[in-house]
Amino acid sequence: MAKEYKLSPERFEQLKEELNYLKTVREKEVADQIKEARSFGDLSENSEYDEAKNEQGKLYSRIAEVENILANCVVLEEAEDEGDHTMVRLGSRIKVLDHEFDEEEEYEVVGSQEADPMNGRISEDSPFGRALLGRSVGDEVEVEAPAGMLRYRILNIEKAER
1 MAKEYKLSPE RFEQLKEELN YLKTVREKEV ADQIKEARSF GDLSENSEYD EAKNEQGKLY
61 SRIAEVENIL ANCVVLEEAE DEGDHTMVRL GSRIKVLDHE FDEEEEYEVV GSQEADPMNG
121 RISEDSPFGR ALLGRSVGDE VEVEAPAGML RYRILNIEKA ER
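Residue numbers (the working numbering): 1 to 162.
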């Protein structure tokens with residue numbers, strides 16, 4: 001069974017656009033690089049040719065990866081009547097209190113393909129994301145991390161702005 005990817009409608013469109021770009025513009029650019037490198041002569045000692053072939057391999061790998069994601073994704077649409085965010089779910093923007101540092105932090109819970117922890121976008125598949133899902137304001141959350149047990153209190157939950 002293939003892994004199922006959860007994507008926002010925005011991320012789904014981004015991946016479709018990326019795939020179109022890779023299969024049209026980028027594929028032609030790489031083919032031109034290979035053609036030009038071949039014109040330099042002996043392929044056995046031609047670093048430009050090797051580089052172009054490596055680039056082609058990376059391109060085809062990325063095309064296959066994006067096609068796999070698009071073939072095995074679920075686009076998450078939020079119903080209009082779900083405006084009341086009383087529980088953490090995919091698409092929630094949450095504010096938590098980090099007990100260790102007594103600091104408030106904000107995060108958005110997103111699908112694994114959209115995660116960017118350095119910018120506050122945590123995957124619902126991450127240990128922290130899994131610990132938060134289904135919780136409500138006031139709940140205490142503990143997360144096992146390499147640095148030890150981390151404790152948070154959920155202060156606010158709202159729908160993330162897109």
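Every residue gets a Cβ at the ideal spot worked out from N, C-alpha and C, and that includes glycine.
By the criterion of a C-beta distance shorter than 7 Å, Ser-47 is surrounded by no residue of its chain, once the five residues flanking it on both sides are discounted. With respect to Val-110, Phe-128 sits apart: the two C-beta atoms are not nearer than 8 Å. Three or more Cβ pairs closer than 8 Å define a contact, and the stretch 47-56 falls short of that threshold against the stretch 94-105. Counting only the Cα atoms, Gln-33 lies some 15 Å from Thr-24.
When DSSP states are grouped into helix, strand and coil, Leu-90 belongs to the coil group. Sequence-distant Cβ neighbours of Glu-140 in its own chain, meaning closer than 7 Å and more than five residues away, are Arg-151 and Arg-153. Here DSSP, grouped into helix, strand and coil, assigns Val-143 to strand.
Excluding its 5 nearest sequence neighbours in each direction, Val-75 has C-beta neighbours in its own chain below 7 Å: Leu-7, Pro-9 and Phe-12, listed in chain order.
In this structure, the straight-line span from the alpha carbon of Thr-86 to that of Tyr-107 is close to 16 Å.
Counting along the chain, the unbroken alpha helix (DSSP H) around Glu-18 starts and ends at 9-21. In the three-state DSSP reduction, Glu-124 falls in the coil class, being neither helix nor strand. Looking at the DSSP output, Arg-153 shares a beta bridge with Leu-97 and Glu-140.
For Glu-65, the enclosing alpha helix (DSSP H) starts and ends at 47-71. DSSP places Val-25 outside any alpha helix (DSSP H), giving it a letter other than H or E.
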